[in-house]
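Our numbering runs 672 ahead of the 1-based position in the sequence shown.
A virtual CB, placed ideally from N, CA and C, is assigned to each residue, including glycine.
Keep in mind the model is a prediction, meaning the values are calculated, not measured.
Remarks on the structure that follows.
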Amino acid sequence: MNKVMIRMNLYLSRLVSISAALIVSAGPNAIGQESPSGVPARSYPPVLLERRPSSAVPPVLRERRPFLALTADRAIDAESTTSPTSNLPEALERLGIANQQLKHSLQQLQLERFAALKSGMPDGAQVLRDAIWQTNEIHVSWENPSPQTEQERRWVKEAVEETWQKECGIRFVGWDAAGSDTTGIRIRVSDEQPHCERLGKYLDGLKNGMVLNFNYANWCQECGVDRKKSIKIIAAHEFGHALGFAHEHNRDDRPMSCQKEKQGSDGDFYITLYDPSSIMNYCNETWNNNGRLSADDIYAARVLYGNPGTPLAATPPAVETLAPPVASVTNALPMDLGGWLQAERTIARDKILANILSNGAVIASPSRSNPNYYYHWVRDAALTMDVVVSLYADASDASTRRHYLELLTRYVNLSLGLQVTNNLSTALSRGVGEPKFHTDGSAYNDNWGRPQDDGPALRAASLCRLAHMLLDRGDDDLTNFVKTKLYDGRLPSNSVIKRDLEYVSHNWQRPSVDLWEEVYGHHFYTRIAQRRGLREGAKLASRLGDQAAAEWYSAKAAELERALQDHWQSDRGYLIATFDQQGKDYKTSNLDVSIVLGVLHTRSPNDGFLSPTNDHVLSTARKLADEFDSMYRINRTTTDSSGGRLGVAIGRYPEDRYSGSGPDQVGGGNPWYLCTAALGELYYSVANEWESNGSLAITGENSAFLAALRPTPVTVLRSGETLARSDARFGVVLRALREAGDAQLRRVKFHAGGDGSLAEQVYREDGFARSARDLTWSYASILTAAAVRSGQASAAQPLTSPPSFAPSPFEAIGPVPEGIPDFARPLNRGGVPATRLDASLERPNARSASERPAEDTDLRKRISDIENALREFKDAYKAKKPKKKLKSTPE
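Right under this line is the structure:
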């Protein structure tokens, strides 16, 4: 045993050096995406990844160290990792922990390589390009069907429908007896090793092209332990070959730990990274991945054959043109914008309700990995609940209103608890400014950008709206709820709004972290949100008799107005996002869509301060559209399949490096659904405001804004003139603005899922959805934009169906299955069709497998050594013999 322990300690020491080497070689971008606890960051926190002297770090964040150093400390901690031990279970546990650290670092490197792939450097899952089917329907037939094999043939069909057909745009039809001239995949049942004679479309019409075994008399008798499962697993694997996929373990870049002999045809093109979990990989520790498709299997299938229900384009478009989207066959949402919006409003409402948990927590997204957004963000929740307040106000029946009010009440009760929950901002005397919490209401105590002072202000403003609605009802119980839970007028307060207003009014001059959670300073978005919260709070305080507080809040709002005016930079021609910026030194333009979002999120009736028609706001919007129009490749596509004009896909800011998955990198930022919709909402708001005014005074700024409108610029205006309602040009301006708004929402529709789903981002190169799925804020942005759009009509159209108030499907959600990152599920289609494989992936800077850098081979060799050491000790000293696996099958 002493020899064993000496050997164990040697392995631990060796592990330290390998872990440290891997961490350093991976670099800050390879590991900076997650917090030390392993929770993926929504975006890089400010300062945490900045490499500069501690004196440059803001005082409130100075106690934190760069994540790279923290990770290295944990890997090299002498007390926790390298100290000799005579306790075998403890040593095994340490080895396992360090092994997981190594795996995590490798995973980050893989994500970095994936990002490189998406930028045009193919690097993974191999397919034979010439074998790709150019159809969405593949006929399947049986060479020798018999009544005795009816059940087994049904299992094969089920296996294919549950895997490849479910996850991509291919449909397998027929499943009948083969004739002499039957085309498609022809299957012979025989007692021999299952295999395919060819890959992909080379099976088309080939007699006995696929062989499946149902009785195992002369092959793999141990497979009979679970005959049905074995048949289905083998069928899913073989149909992968039928779609053109070669064996994953045949790849040249497979790790040293994969020692399986190559079998069958090799592919000639890589789509994804090497995938140890692929159903096509004999080196997968789980035989054929237990019949399930891995994330990369799904991604590759969708690259080749589109999303489920998506028809292939009949003719590949020109190399420099992105293909228009096609309507989803399974959901068939309307193609025209008006019809789509009508359906999408219902979808957005239902998706928002699904993301509200029973305790009132609002999850930013159901996504729990790559990235993990399964938290309650104060800001996101406030914006979401502002939409719910509107839904409550517009509800047409008492039952629906009651259900909405119940959701709002739960949110209020949760917020009361969060305001007094001890957290890391509490130590800074700014606990109300803590940005996010776990969904059970407990504090998130890992490194993050804190405090964030937009959340309390937005929450106060939204609940002030609710308070006025409830007071207007004249109901004693509702009035009591307002005076006890919402605004009690006491100091110290036990009510949500009063606490938030006191926090905002006493802390607005202090720097905080911006809405993107990246930089520290004084932000336009935060300030304008604080102004709105204080103004709305002053009105409510006055109504409830708290006059001294009303005057205090009004005075602070006036101070904020003066501070906000300073954000206009005449030499740049736009409102800048942040003063005294610390963090993200590469963010030099200070141009940010948060200006537009701030204006939209804080507008209120009869408030002309920095309204959507303000010249400075219009100049900023014009600059944003100009910058992003030329930045993203997907903006080269300017019309949809019906000829409708597409607006500009808009991102957060020009220098953005956050892609939603993988490390930050130059050029990594993408358009966001909510940012794109926001520009459309601004256009509608400007049209509505000018129409309400009845006239339009032309200035140099707004004439330049109108002259740059897409798709219909207005160039017949002169600064100094005033357009009256009777002027024909007045109507031209309003129509052009609403056409521009429609173009923006049409862009959102173009890249939305066939089922109306909206993620966080759209990949800038190919139009696929990226980052967190079903982002609550994305759906809220559609509802608010659609509501403002309806202002051009006499009344908003009703939603197509009543809401469902069933418990959230994400209430007790478990961990996301290993190997299924959210950026691969779902991959919505709005850009490159499957038939564009060559043109979309073989760009001039693409590199073949032989040209790929060799660094990863060494890293994989290192991790393989550690994994083997871990298995050796576990097998030898825990007496856990590996389960007998089913034999792999040749192609």
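Measure the Cβ-Cβ separation of G841 and Y1045 and say whether it is below 8 Å.
no
Can the beta-carbon of A1221 be found closer than 8 Å to that of A1213?
yes
Could you check how far apart the C-beta atoms of Y1076 and L1063 are, in whole angstroms? I think they sit under 8 Å.
6 Å
Name the two residues that bound the continuous beta strand (DSSP E) containing M882.
882 to 884
Helix, strand or coil at D1252 [DSSP, three-state]
strand
Measure the Cβ-Cβ separation of S1283 and E1361 and say whether it is below 8 Å.
yes
Using 10 angstroms around the beta-carbon of Y1330, count the other beta-carbons present and answer buried if the total reaches 16, otherwise exposed.
buried
Rounded to whole angstroms, what's the CA-CA distance from R1145 to V1060? Just pull it up for me.
18 Å
CA nearest to the CA of M882, picked from N816, E920, V1092
N816
Please name the residue, chosen from T807, V1289, L1368, R1051, that lies closest to Q1237 on a Cα-to-Cα basis.
V1289
Assuming A1321 and A1380 form a contact by the criterion Cβ under 8 Å, report the distance between their Cβ atoms to the nearest whole angstrom.
Not quite, the Cβ-Cβ distance comes to about 16 Å (not below 8 Å), so this is no contact.
Exposed or buried, what is P1343 when buried is set at 16 or more other beta-carbons lying within 10 Å of its beta-carbon?
buried
If you measure between the beta carbons of W814 and K873, is that distance less than 8 Å?
no
Would you tell me roughly how many angstroms separate the C-alpha atoms of A1067 and R1204, rounded to the nearest one?
25 Å
With three or more beta-carbon pairs closer than 8 Å as the criterion, would you say the segment 1437 to 1453 touches the segment 1017 to 1033?
yes
Locate the beta strand (DSSP E) running through H811, then write down its first and last residues.
809 to 814
Going by CA-CA distance only, name the one from G851, Y1304, V1386, Q1014 that's closest to T1348.
Y1304
Please list, in chain order, all residues of the same chain as F1377 whose beta carbon is under 6 Å from its beta carbon, the five residues on each side excluded.
L1290, R1294
Taking the straight line between their C-alpha atoms, what separation do you get for Y946 and Y1435?
22 Å
Please report the distance separating the alpha-carbon of R1407 from that of D1287.
19 Å
Which word fits Q820, buried or exposed, when buried means at least 16 other C-beta atoms lie within 10 angstroms of its C-beta?
exposed
In the DSSP assignment, find the alpha helix (DSSP H) that holds R860 and state where it starts and stops.
Looking at the DSSP string, R860 is not in any alpha helix (DSSP H); the run it does join, the beta strand (DSSP E), is 857 to 861.
Is it true that the CB of E1189 sits closer than 8 Å to the CB of G1121?
yes
Output the distance between the C-alpha atoms of D1570 and L1447, rounded to the nearest integer angstrom.
Any property of residue 1570 remains undetermined from this structure, which presents the chain solely from 673 to 1563.
Mind checking R974: buried by the 16 CB within 10 Å criterion, or exposed?
buried
Would the segment 1300 to 1316 and the segment 1366 to 1377 be scored as touching if the rule is three or more Cβ pairs under 8 Å?
no
DSSP three-state label for S1062, please.
helix
Does the ligand GDP have even one heavy atom less than 7 Å from the beta-carbon of S1041?
For the ligand GDP, the structure offers nothing, since it holds no ligand at all.
Opposing strand residues paired with F844 [DSSP bridges]:
I810
Contact the segment 1185 to 1199 vs the segment 1240 to 1256: 3+ CB pairs below 8 Å
yes
Separation of D1112 from S1041, as counted between CA atoms
18 Å
Could you check the C-alpha separation between T1371 and G1425 for me, to the nearest Å?
41 Å
Taking G1280 as the reference, give the member of Q1241, I1267, E1233 with the closest Cα.
E1233
For Q1433, which residues does DSSP report across the bridge?
W1344, R1442
Please state whether DSSP places T1260 in a helix, a strand or coil.
coil
Would you report the Cα separation of S1097 and H1048, rounded to the nearest angstrom?
16 Å
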